[in-house]
Amino acid sequence: MTGSASSTSTSRLVRAPRQAVYDAFTRPDALAAWLAPEGMTGRVHQWDLRVGGGYVMSLYYPKSMGDGHGKTAEGEDRYTARFVELDPPSRVVLAIDFESDDPAFAGEMIMQTTLEERPGGTEVTIAFRGLPPGIRPEDNDEGTRSSLEKLARYVETARDGQARAGHH
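Take the sequence shown: its position 33, counted from the start at 1, is 30 in the working numbering, and no numbers get skipped.
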């Protein structure tokens, strides 16, 4: 993790073509499958893929985590994301607002995803700016690392499945 108190940047190499990774950031079914950190689940409620458009998504905590989790409601983080930039297949920039009555989670956070071709795959870098004070940078980084692991499994498994299907 790099960054100041209100920003983080996390990178990971994913063994998949850049376009496949970009698609995982710009398809609601894909985003719901991998974005929530390990143990959590995601659901996209609204989707409008265009600059100025965006989506509404909930991330759900497992009941096994007990009470006290959730920025929006018990066990739920709901947020609205607005597409600020869409540059296929290399960049997605979002402005994110959490739905919360707690002022510690208020304000707009910027999430910039950069995809760079590398030998063996795509380097994915997710940088956050303007983290709300209620989100600790180390927690954000841990969640991002977990999401990137799920992203890698998602796109690598899809790619392996396509490769196997193509050999029959």
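Idealized CB from N, CA, C, for every residue including glycine. Since this is a predicted model, take the numbers as computed values, not measurements.
Q.
Buried or exposed for Ala33, going by 16 or more other Cβ atoms inside 10 Å?
A. Around the CB of Ala33, 16 or more other CB atoms lie within 10 Å, so the residue is classed as buried.
Q: Using 10 angstroms around the beta-carbon of Asp211, count the other beta-carbons present and answer buried if the total reaches 16, otherwise exposed.
A: It is not possible to answer for residue 211, since the shown part of the chain is limited to -2 through 165.
task: Could you spell out where the beta strand (DSSP E) holding Phe95 opens and where it closes?
output: Arg88 to Phe95 is the extent of the beta strand (DSSP E) around Phe95.
ask   = Can you tell which of Tyr57, Thr38, Asp20 and Ser55 has the C-alpha that lies nearest to the C-alpha of Leu46?
value = The option with the nearest alpha carbon to Leu46 is Asp20.
Specify the secondary structure class of Gly51 as computed by DSSP and reduced to three states. Residue state for Gly51 is assigned as strand, using DSSP reduced to three classes.
Item to complete: Go ahead and pull the three-state DSSP assignment for Leu10.
Response: When DSSP states are grouped into helix, strand and coil, Leu10 belongs to the strand group.
_Output needed for Thr77: all residues of its chain with C-beta closer than 6 Å, excluding positions within five of it in sequence on either side, in chain order._
If we look at Thr77 and ignore the five residues flanking it on each side, its Cβ neighbours are Val53 and Asp94.
- [ ] Check whether the Cβ atoms of Glu105 and Ala124 sit closer than 7 Å, and answer yes or no.
- [x] Going by C-beta atoms, Glu105 is not nearer than 7 Å to Ala124.
Can you give me the C-alpha to C-alpha distance between Lys147 and Pro100, rounded to a whole angstrom? C-alpha separation (whole angstroms): 30 Å.
- Query: So, are the CB atoms of Arg79 and Gly51 less than 7 Å apart?
  - Reply: Contact: yes.
Query - 6 Å Cβ shell around Thr38 - same chain, five flanking residues per side excluded - result: Around Thr38, the same chain offers Tyr57 as residues with beta carbons nearer than 6 Å, after the five sequence neighbours per side are excluded.
Check: Using CA coordinates, which residue listed in Pro134, Arg126, Thr119 and Ile132 is at the minimum distance from Leu145?
Finding: When each option's Cα is compared against that of Leu145, the closest is Thr119.
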